[in-house]
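6 protein chains.
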Amino acid sequence: MVYLTRKAEFSASHFYHNDEFTAEENQRIFGKCNNPNGHGHNYTLEVTVKGQVDQRSGFVVDLKQLKDVMNREVIEAMDHRHLNKEVAEFRDRIPTTENLAISIWNRLKPKLQVAELHRVRVYETPDLFVDFYGEE
Amino acid sequence: MVYLTRKAEFSASHFYHNDEFTAEENQRIFGKCNNPNGHGHNYTLEVTVKGQVDQRSGFVVDLKQLKDVMNREVIEAMDHRHLNKEVAEFRDRIPTTENLAISIWNRLKPKLQVAELHRVRVYETPDLFVDFYGEE
Amino acid sequence: MVYLTRKAEFSASHFYHNDEFTAEENQRIFGKCNNPNGHGHNYTLEVTVKGQVDQRSGFVVDLKQLKDVMNREVIEAMDHRHLNKEVAEFRDRIPTTENLAISIWNRLKPKLQVAELHRVRVYETPDLFVDFYGEE
Amino acid sequence: MVYLTRKAEFSASHFYHNDEFTAEENQRIFGKCNNPNGHGHNYTLEVTVKGQVDQRSGFVVDLKQLKDVMNREVIEAMDHRHLNKEVAEFRDRIPTTENLAISIWNRLKPKLQVAELHRVRVYETPDLFVDFYGEE
Amino acid sequence: MVYLTRKAEFSASHFYHNDEFTAEENQRIFGKCNNPNGHGHNYTLEVTVKGQVDQRSGFVVDLKQLKDVMNREVIEAMDHRHLNKEVAEFRDRIPTTENLAISIWNRLKPKLQVAELHRVRVYETPDLFVDFYGEE
Amino acid sequence: MVYLTRKAEFSASHFYHNDEFTAEENQRIFGKCNNPNGHGHNYTLEVTVKGQVDQRSGFVVDLKQLKDVMNREVIEAMDHRHLNKEVAEFRDRIPTTENLAISIWNRLKPKLQVAELHRVRVYETPDLFVDFYGEE
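Protein sequence lines correspond, in order, to chains A, B, C, D, E and F. With the numbering used here, the residue at position 62 of the first sequence is 62, and numbering never jumps. Numbers in the numbering used here are just positions in the second sequence, counted from 1, shifted up by 136. Numbers in the numbering used here are just positions in the third sequence, counted from 1, shifted up by 272. Numbers in the numbering used here are just positions in the fourth sequence, counted from 1, shifted up by 408. Numbers in the numbering used here are just positions in the fifth sequence, counted from 1, shifted up by 544. Numbers in the numbering used here are just positions in the sixth sequence, counted from 1, shifted up by 680.
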């Protein structure tokens, strides 16, 4: 059993706002992330899959297929997008790094074959990242 | 004569659009950067100053003053902002990395004392950066 | 359940010496780290907390509170300090990276609320780091 | 119980080919990695050991011994080598990053004393890495 | 006048050998790089161009064209290749990082339009790099 | 003419103090760097040499000689040392990063042969570095 991780990057903008909060609550809880003009990030995504090594190829997963799934399900959907306005699941969920990791897990999980999804890590900045393992 | 460089980071969103271009030109020239919803980046800024080393302090510049000027003139003005909508000089200039470097030079140049501004470097992503030395 | 990690940096000096060892043992076991003048490092700290995502805020932890706790309990106590001479627990424990990770865990554990401390990682250099999960 | 990780780097070349595959299969499965002239990488190796902290030294493992074992068992055997031609276990196993991680585990496991081998991580590029924990 | 730099990566293998040297000289001068089986690297390439910012686009160079030229002239020619055996100019020149930087300059110089080539930087490892500015 | 740069790292401690300043001036000018117990850093050193490429070897400088000079003149003298107490030139000069870069230039300049010293860069942290080119 080995674990293989592939990185990719995408750029997106977002802002944090909950209609159920008062303006004062939104400001206190979200600070300058509440600015409705939005701000952006270069996100780094790490996708880890696990499985047995195929003895004939030496691979745990077809790297090209993994790259294609990551590109189609995540990069094309999110790169150079405004997460709140252009990515369906963030119309009514706040696009925090936590929710972004869960969203990416849900997008990738049904599309991966052979190897099993183990972890999704999302860096919002080099100093802040979130891991999701599919745990309830 | 020594050169001292200090890094800082900020997050912002932007998009590229020139009203004088046709829609087709905007799309061809700017590609997915033309999306009016904007997208974002973690920018890294490197500011280099040069000067003689003060024999009494061993410093070429007061680091705290340099940090304060960078924070006040650049970080506070641009971090968590939408460059097109919230930074004055980009209302009628396209906020490319090239123009961002020039803009930051113009903001810092008149505020630095003792040490002389030598170079402004702006990374849009880890793989793309622009340098400006104040050359016409 | 998600895991969120925040990085911070601090600079400190230390040396390794055990009064119960002979001079020869101190030299053999600690090598040039035994130099009583001390030497220093830029430490990088990664603090990982885990918890459920709050559905209203999208956060697993208030990032500002996490930053404040890390600053107050670790950075202010250790940054620009001599660990052997100025940090209480290292008066009679050797400030190795292993002991530093355990010490930082013990400082943070009682101060974190809502989210649970999961891991403390300390990089002494980019090529050497220690993880502590609170395991006996 | 703490976990200590040490990094090292080595440069090697390899190519992917399975004699049991047809030429077409080798090309389809391995792509440009099938080029028999080989190509190379700067590999980064991370070795993690775990154990109790020795109360007298503050160490979980003698860092010099760990470095010596890594150098002797891995770096000297693989650095500036052609993996297919010069490293025994890859004469009949494809030197993918997956197999390289398993090979390094098998080389280090019997040589480590006091501290227990926990994980071998191998980066083929900054964007692709494999972890092996000795799991069947 | 601004300077824009774009990074790219490629993997290649090589070895160092001069037929005019004796075996002993080759070994003494090139050390383990003289191994005829070759060894490899992940090279990082930085290409810097300079020019005036186009007032209408805000660009100093069309980034897509720059990327295409770098891909066609360098990456496709060198990635996953054995430099000595598969890249024409290294049949009779030693593929040191110095010569690689000069070779890449010569490949790019005649293909760049509008913006002028300013510098080619090649990293052989994160700790060793060469710059070439086209100076005799 | 090519420029070759080699990196190395060393760890040291220091503090900033000028006997000619009052206690209040030392505190105001040097802040927490004035703490007489000292604090430390992992310094990164980049040494750049320039010269013609030797047509027979493909090298601008013998890398082993360059490494040996850097080790002997800088790393052995400063690694795991207290700069104020153990490095001669800092007994009466404040070991700022500026002065450290000048000191390293003066140590290396007379020892390099064939290739000419072009630049010394010293990173005190990843966010702060100083360049010295030997300019008065």
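Beta carbons: idealized from backbone N, C-alpha and C, even for Gly.
- Residue burial annotation: A:Glu-76 is exposed, with fewer than 16 other C-beta atoms found within 10 angstroms of its C-beta.
- When CB distances to chain D are screened at a threshold of 8 Å, not a single residue of the segment 105 to 131 of chain A falls below it.
- For C:Ser-283, the uninterrupted beta strand (DSSP E) segment begins and ends at 274 to 286.
- Contact of A:Met-78 with chain D is not assigned, every C-beta pair being separated by 7 Å or more.
- Within the model, the alpha-carbon separation for C:Arg-393 versus C:Asn-343 is close to 16 Å.
- Interface annotation, B:Gly-187: not in contact with chain A, CB-CB separation never under 7 Å.
- Of the other Cβ atoms in all chains shown, 16 or more fall within 10 Å of the Cβ of A:Arg-93; this residue is therefore buried.
- In the DSSP assignment, D:Asn-450 falls within the unbroken beta strand (DSSP E) covering 447 to 459.
- In this structure, B:Phe-265 and B:Ile-238 do not form a Cβ contact; the two beta carbons are roughly 14 Å apart against a cut-off of 8 Å.
- Of all alpha-carbon atoms in E:Asp-563, E:Val-546, E:Ser-557, the one lying nearest the alpha-carbon of E:Leu-627 is that of E:Ser-557.
- Contact check for B:Met-214 against B:Val-205 fails: the beta carbons are separated by 7 Å or more.
- The beta carbon of B:Lys-143 sits no closer than 7 Å to any beta carbon of chain A.
- Residues of the same chain with a CB within less than 7 Å of the CB of F:Leu-792, apart from the 5 flanking positions on each side, are Val-729, Val-749 in chain order.
- Contacts with chain B (Cβ-Cβ distance below 8 Å) from the segment 688 to 706 of chain F involve Tyr-696, Asn-698, Glu-700, Phe-701, listed in chain order.
- Within 8 Å of the CB of C:Arg-328, the CB atoms of chain A belong to Asn-18, Glu-20, Phe-21, in sequence order along the chain.
- At a cut-off of 7 Å between beta carbons, D:Val-469 makes no contact with chain C.
- One finds Gly-466, Phe-467 in chain D with Cβ atoms closer than 7 Å to the Cβ of C:Thr-368, taken in chain order.
- Closer than 7 Å at the C-beta level to chain A, one finds these residues of the segment 162 to 186 of chain B: Lys-168, Cys-169, Asn-171, Asn-173, Gly-174, His-175, Gly-176, His-177, Asn-178.
- Per the DSSP secondary-structure output, D:Val-530 pairs in a beta bridge with D:Leu-453, D:Val-538.
- Not one beta carbon of chain F lies nearer than 7 Å to the beta carbon of C:Glu-345.
- Between D:Ser-419 and E:His-585, the gap from beta carbon to beta carbon is short of 7 Å.
- When CB distances to chain E are screened at a threshold of 8 Å, the residues of the segment 488 to 501 of chain D falling below it are His-488, Arg-489, His-490, Lys-493, Glu-494, in chain order.
- Sequence-distant Cβ neighbours of B:Glu-234 in its own chain, meaning closer than 7 Å and more than five residues away, are Val-266.
- The continuous alpha helix (DSSP H) containing D:Phe-438 extends over residues 431 to 438.
- Taking 8 Å as the upper bound for CB-CB distance, B:Val-196 and B:Val-138 are in contact here, some 5 Å apart.
- Interface with chain D (7 Å Cβ-Cβ cutoff): A:Tyr-3 is included.
- In chain order, His-177, Tyr-179, Thr-233 place their CB closer than 7 Å to the CB of B:Glu-260, counting only its own chain and leaving out the 5 sequence neighbours on each side.
- Counting C-beta atoms within 10 angstroms of its own C-beta, B:Gly-174 has 16 or more neighbours from the protein chains shown and is therefore classed as buried.
- Here C:Asn-298 is not near C:Asn-307, since their CB atoms are 7 Å or more apart.
- Linking B:Leu-244 to C:Pro-398 through their CA atoms gives a straight-line distance of about 33 Å.
- Only residues of its own chain outside the window of five on either side were considered, and among them Val-593, Lys-594, Gly-595 have a CB closer than 7 Å to the CB of E:Glu-660, listed in chain order.
- Closest in C-alpha terms to C:Pro-367, from the list C:Leu-317, C:Glu-281, C:Thr-277, C:His-289, comes C:His-289.
- The three-state reading of DSSP puts C:Glu-388 in strand, counting E and B together.
- DSSP places E:Asn-643 inside the alpha helix (DSSP H), whose first and last residues are 641 to 652.
- As computed with DSSP, D:Arg-489 is found in a beta bridge with D:Ala-420.
- Between the alpha carbons of B:Phe-157 and B:Arg-227 lies a gap of roughly 16 Å.
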